[in-house]
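Written below as structure tokens is the structure these notes are about.
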Amino acid sequence: MALKIEKDAVSGTDTTGHEWDGLRELNTPLPLWWLYTWYACIAFAAVWVVLYPALPISGATGLLGYTARGALPAQLAAENAAREPMRARIRAATPEAIAADPTLRAFAVAGGRIAFANNCAACHGAGGQGATGGYPSLADDDWLWGGELADIHTTITHGIRNQDSEEARLSAMPVFGSGILTTAQIRDVTEHVLSLTQRATDPAAATRGAAVFTENCASCHGENGAGNPQFGAPNLSDQIWLHGRERAQIMAYITAPRMGVMPAFSGRLDPAMINMLTVYVHTLGGGR
Amino acid sequence: MNAVTPPSLYAAHAKVQPRAVTGRVRSVKWAVLIVLLGLYYVAPWLRWDRGPGVPDQAILVDVAHARLFFFWIELWPQEVYFLTGALVLGAIGLFAVTSLFGRVWCGFTCPQTVWTDLFMWVERRIEGDRNARIKLDAEPWSPRKRRLKFYKHAAWIGVAMATGGAWIMYFNDAPTIAWQMLTGQAGLTVYFFFGLFTLTTYTLAGFAREQVCIYMCPWPRFQGAMLDDQSLVVTYRDWRGEPRGKLKEEGHGDCVDCGACVHVCPTGIDIREGQQLPCIGCGLCVDACNEVMRKVDRPQGLIGFETLGNLAASQAAAAVHAPGPARLAASMAARRFPRLLRPRVLVYGAVLSVVMAVMAGAFMFRDTLSVSVLRDRAPLFVQLSDGGVRNAFTIKIVNKTREVASYALVLEGAPGVGILAQGAEADAQGRPLLTTRADGITEWRVLATVPAGLRLPANQAISFHLHDAGGHDVAHARSVLLGPRP
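Chains as they are written, first to last, in our numbering: chain A, 9 to 296; chain B, 904 to 1389.
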């Protein structure tokens, strides 16, 4: 297209020669340094592309070899160094002392929340609510292995029924369905267990079951079914049922129990982090 | 096809070399410059006693502690809307002033104008006035030229450093940071921003100057929308001046075509061509022209602050008279006092009043204490071993005062439900006593327990209240108590 430079009648300025449906643009020249600034920006971008990873190609790290992942360890080290003074105080303190000091407690709860999400939430749920089928709730007031700070600390450190730690909490409920008790006896003892929460429907069976309970169950669960945290034996007289509260579920469990396992965290987490987790978990259930 | 070379869309920038001028407008501009620069450099050094442990700087943006101090006002980050409101007031105020008095912001108070003026003054003191500078620039490099240029840039950098340094003072304790910067003890961030603002001042006021107004600033582009024929703008009274011509020749108007108005213009334009975007309305051409009119013994005011409405009225009156003192008198008499109460001014004024009223109200009823409740969502509620139900909440109390205060926590809406705040003491009535930090947010985990015997709907509205020592309900927040479906 031929350019037709005209002089605008009103302003006396030349047009650029471009025309769009009769509209013409006046040529008001921009200072040249604007153009040079733009070129400088392009040159900067070119240098950037050479030095830094700018191309969406795997392995194109640029001449400086910078990667965000490569920079991460240094950043983490700096973060850890900044937190170390507080961590050292927490490492040296007992969970009880941490819970009693507002500053340490706030730090422990904040750090414990993150550690909980990373290490515990997979089984125990985001807020420690647990799940039926063997994942105990940490938010209620019922503790299998004890809810004092020291108990929680031991459980986290050594775990339950694992191969990781020699001091892991151990206990096993016998498989009563493998010849120890007959199906009729299991039915009777189930009736007795239901009676502990006033749900029995067959008083005669419950009475028969009471005798079976005393002989087979009371050594761990206690004569009245109140449980014993020493063996991780749950309280059978309260409203919380880890493996289900219905008659069929209780019967199935007595026949073939499924014992939960928890890893030991002593080899995975720093003692300071275990202390923080202990204090955090303790706050979930309101503490004991 | 006939080939036409396309015109260049770029041109080499011609340096504007304004001449010094004296006069009434120039005096006002000097006064405004001294007041504004004085405010800028002195303000961060003002002290304001706020008690121990609190910064005593009257105006301070404390980034590290997220506080904005302005004399007796202390703002938190969540109150940034006061800053937004102040900016809205500034913008609408600027619109109102512009529609009444034209580009007074651009011509007198804009930092770009003020610092450019300061840099031009420095330049003039070292290199001389317009003609001397043009001559110096055209000269080949000589020891004298090198010396003058060195002095000028050294002085500019000095002013720029003072400007960049003063900016830092608004974000740090001024005496402390000034001493640290002088002794090399300040942090890298401080020196970076000091360098950045030094560089931008040096570049914008030393080199970019009028190009900022003409090519960079968005404000001249849309302020035409605020101007009308009743706004005061710098105007050449062409009915008096035209046809322009030499003083000694007959048959010309009052304009002797001396070029004084062009020579003093900081943006290098000719005001006689009428209203134009690069005119910042500084009025230096008014002074320059009046100087010349005095010398050639003609009436003042060939260029003046005048509305376009009055210019048209004068032009109409001039058309029916023959040149001479009678025409001048009649044309000047045809002017009317500008109408101030125009729709746009009223609209700007109304918006200004509303925003001011809202801000004043928000400020007067600003809370120094507030409470918020976040309920746990995982789990929504917890079944307890005795059949009770527990809900967990996080309660945050914002205390904007400098005093520690204690409040009793009271749950309303669900009688019989017990509350426990972890880590809190109990008051005489057994209620949790929440002691807040001074000037901070304190957080508690609160457990509300519905006892086993109490039957509540699955979703019960409740509210948490803070009672002060006198039993007054000082703050509250709503939430819900959840439980299994009955």
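Beta carbons are placed, not taken as given, at the ideal position from N, Cα and C, and that holds for glycine. Note that this is a predicted model, so its numbers are computed, not measured.
For residue j and residue i, the rounded distance between their alpha carbons
| i | j | result |
| --- | --- | --- |
| residue 977 of chain B | residue 971 of chain B | 6 Å |
| residue 175 of chain A | residue 169 of chain A | 9 Å |
| residue 1138 of chain B | residue 967 of chain B | 50 Å |
| residue 992 of chain B | residue 941 of chain B | 23 Å |
| residue 1030 of chain B | residue 1019 of chain B | 16 Å |
| residue 1143 of chain B | residue 1232 of chain B | 11 Å |
| residue 68 of chain A | residue 45 of chain A | 28 Å |
| residue 1345 of chain B | residue 1357 of chain B | 32 Å |
| residue 290 of chain A | residue 160 of chain A | 8 Å |
| residue 1367 of chain B | residue 1244 of chain B | 52 Å |
| residue 1239 of chain B | residue 1209 of chain B | 10 Å |
| residue 1448 of chain B | residue 1071 of chain B | The requested residue 1448 of chain B does not occur in the structure, where chain B is confined to residues 904 to 1389. |
| residue 1085 of chain B | residue 90 of chain A | 29 Å |
| residue 913 of chain B | residue 1119 of chain B | 16 Å |
| residue 119 of chain A | residue 81 of chain A | 19 Å |
| residue 1136 of chain B | residue 1176 of chain B | 14 Å |
| residue 1304 of chain B | residue 1342 of chain B | 5 Å |
| residue 171 of chain A | residue 272 of chain A | 9 Å |
| residue 1114 of chain B | residue 42 of chain A | 10 Å |
| residue 955 of chain B | residue 1339 of chain B | 19 Å |
| residue 100 of chain A | residue 107 of chain A | 13 Å |
Helix, strand or coil at residue i [DSSP, three-state]
| i | result |
| --- | --- |
| residue 1130 of chain B | coil |
| residue 117 of chain A | helix |
| residue 92 of chain A | helix |
| residue 1299 of chain B | strand |
| residue 238 of chain A | coil |
| residue 1109 of chain B | helix |
| residue 1315 of chain B | strand |
| residue 1266 of chain B | helix |
| residue 152 of chain A | coil |
| residue 977 of chain B | strand |
| residue 42 of chain A | helix |
| residue 1097 of chain B | helix |
| residue 1375 of chain B | coil |
| residue 940 of chain B | helix |
| residue 231 of chain A | coil |
| residue 905 of chain B | With a pLDDT of 48 at residue 905 of chain B, under the threshold of 50, the modelled position of this residue cannot be trusted; read the value that follows with caution. Coil at residue 905 of chain B, not helix or strand. |
| residue 27 of chain A | strand |
| residue 1234 of chain B | helix |
| residue 9 of chain A | With a pLDDT of 49 at residue 9 of chain A, under the threshold of 50, the predicted position of this residue should be treated as unreliable, and no value is reported. |
| residue 1027 of chain B | helix |
| residue 193 of chain A | helix |
| residue 249 of chain A | coil |
When the options are compared against residue i, the one with the closest alpha-carbon
| i | options | result |
| --- | --- | --- |
| residue 206 of chain A | A/43, A/233, A/93 and A/263 | A/233 |
| residue 281 of chain A | A/184, A/265, A/97 and A/197 | A/97 |
| residue 250 of chain A | A/212, A/235 and A/143 | A/143 |
| residue 1312 of chain B | B/1126, B/1330 and B/1074 | B/1330 |
| residue 1117 of chain B | B/1057, B/1088, B/1015 and B/1192 | B/1015 |
| residue 1056 of chain B | B/1088, B/1033, B/1108 and B/1075 | B/1108 |
| residue 139 of chain A | A/24, A/75 and A/248 | A/248 |
| residue 1202 of chain B | B/1218, B/1159, B/1051 and B/1337 | B/1159 |
| residue 1023 of chain B | B/984, B/1111, B/1006 and B/959 | B/1111 |
| residue 260 of chain A | A/191, A/130 and A/274 | A/191 |
| residue 214 of chain A | A/227, A/224, A/195 and A/21 | A/195 |
| residue 1433 of chain B | B/1359, B/1355, B/1269 and B/1388 | There is no way to answer for residue 1433 of chain B, as the model of chain B reaches only from 904 to 1389. |
| residue 287 of chain A | A/199, A/117, A/130 and A/28 | A/117 |
| residue 1123 of chain B | B/1068, B/1278 and B/1005 | B/1005 |
| residue 1351 of chain B | B/1134, B/1044, B/1161 and B/1298 | B/1298 |
| residue 241 of chain A | A/179, A/188, A/65 and A/199 | A/179 |
For residue j and residue i, believed in contact at Cβ under 8 Å, the rounded distance
| i | j | result |
| --- | --- | --- |
| residue 1348 of chain B | residue 1295 of chain B | 6 Å |
| residue 947 of chain B | residue 1077 of chain B | 4 Å |
| residue 1205 of chain B | residue 1196 of chain B | 6 Å |
| residue 924 of chain B | residue 1191 of chain B | 5 Å |
| residue 1185 of chain B | residue 1010 of chain B | 4 Å |
| residue 1094 of chain B | residue 963 of chain B | Between residue 963 of chain B and residue 1094 of chain B the Cβ distance is about 20 Å, and since that is not below 8 Å, they are no contact. |
Would you say the region 1202-1217 of chain B touches the region 1093-1110 of chain B, given that touching needs at least three Cβ pairs under 8 Å? no
contact_flag[the region 110-128 of chain A, the region 71-79 of chain A] where n(CB pairs < 8 Å) is 3 or more: no
Tell me whether the region 914-925 of chain B and the region 996-1003 of chain B touch, counting them as touching only if at least three CB pairs, one residue from each stretch, are closer than 8 Å. no
So, does the region 1219-1226 of chain B touch the region 1187-1201 of chain B, judging by three or more C-beta pairs under 8 Å? no
Three or more C-beta pairs closer than 8 Å, one from the region 1316-1327 of chain B and one from the region 1247-1267 of chain B: is that the case here? no
Touching by the beta-carbon criterion (3+ pairs, under 8 Å), the region 105-125 of chain A and the region 218-230 of chain A: no
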